[in-house]
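Residue numbers (our numbering): 59 to 273. C-beta atoms are modelled at their ideal positions from N, C-alpha and C, and glycine is treated no differently. If you're wondering where the values come from, they're calculated on a predicted model, not measured in any experiment.
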């Protein structure tokens with residue numbers, strides 16, 4: 059039986075605490091909190107009659123906790139290794155490093171355990187001193203190679219030798235001779251394979267044929 063008085067319901071048969079389910083934790087690690095509903099209900103000895111003021115239950119028993127700590131284990135954090143040497147000896151390159159998720163005890167954990175914080179980059183650009191380009195020295199070049207003088211049986215091919223660098227800039231013959239004294243030959247052999255000779259048919263004369271032919 060429930061009786062109202064002084065602005066709230068009073069318990070005659072007794073009161074008891076009722077609690078709801080714990081809610082989700084406010085943090086996945088490092089210590090969070092979770093709450094639940096706690097309310098006082100009147101009891102007539104056979105069944106619950108309704109919710110009454112918390113003070114009614116506090117007169118009999120201590121109120122259960124409305125909140126509690128949860129997920130108190132330490133959070134895992136990203137651990138980075140040292141940067142590697144630059145991939146390039148000069149100019150632009152790339153440096154790399156290891157990035158792993160580890161607990162406070164130092165053991166490696168799955169990456170999802172560290173997703174509460176952004177993952178550090180495993181690569182970064184690096185810049186060494188500017189590369190020194192080797193000068194393009196002139197050299198003898200072979201150009202204008204015409205057809206061979208013969209299609210078989212060793213022909214001769216005449217070629218022109220010029221002095222130029224990799225940028226197609228031309229120089230005097232003396233310039234190349236100072237760098238490359240041995241000048242390529244302007245004449246070369248070609249089509250050295252033997253010519254194909256078709257097989258000749260041999261005709262044998264019979265005695266009767268010879269007699270008729272020279273009679």
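Straight-line spacing of the CA atoms in residue 213 and residue 228 works out to 30 angstroms. For residue 93, the closest C-alpha among the options 75, 114, 124 and 72 is that of 124.
Here residue 120 is actually not in contact with residue 112; their C-beta atoms are around 11 angstroms apart, not less than 8 angstroms.
For residue 234, the enclosing alpha helix (DSSP H) stretches over residues 231 to 237.
Secondary structure note for residue 184: its beta strand (DSSP E) is the uninterrupted segment 181 to 185. When the beta-carbon positions are compared, residue 248 and residue 215 come within less than 8 angstroms of each other.
The shortest C-alpha to C-alpha distance from residue 177 to any of 110, 136 and 126 is the one to 136. In this structure, residue 180 lies away from residue 160, with their beta-carbon atoms at least 8 angstroms apart. Note that the C-beta distance between residue 129 and residue 87 is below 8 angstroms. Taking a C-beta distance under 8 angstroms as the contact criterion, residue 84 and residue 91 qualify as a contact pair.
Scanning its chain for C-beta atoms nearer than 7 angstroms, with the 5 sequence neighbours on each side dropped, one finds around residue 73 the residues 98, 99, 100, 101, 110, 114, 115 and 118, in chain order. Taking 8 angstroms as the cut-off, the Cβ atoms of residue 182 and residue 153 count as close. Rounded to the nearest angstrom, the Cβ distance from residue 184 to residue 148 is 11 angstroms, too far for a contact under 8 angstroms.
Boundaries of the beta strand (DSSP E) around residue 222: 218 to 222.
Judged by their CB atoms, residue 132 and residue 155 are not nearer to each other than the 8 angstroms cut-off. If you draw a 10 Å sphere on the C-beta of residue 172, you find 16 or more other C-beta atoms in it, and that means buried.
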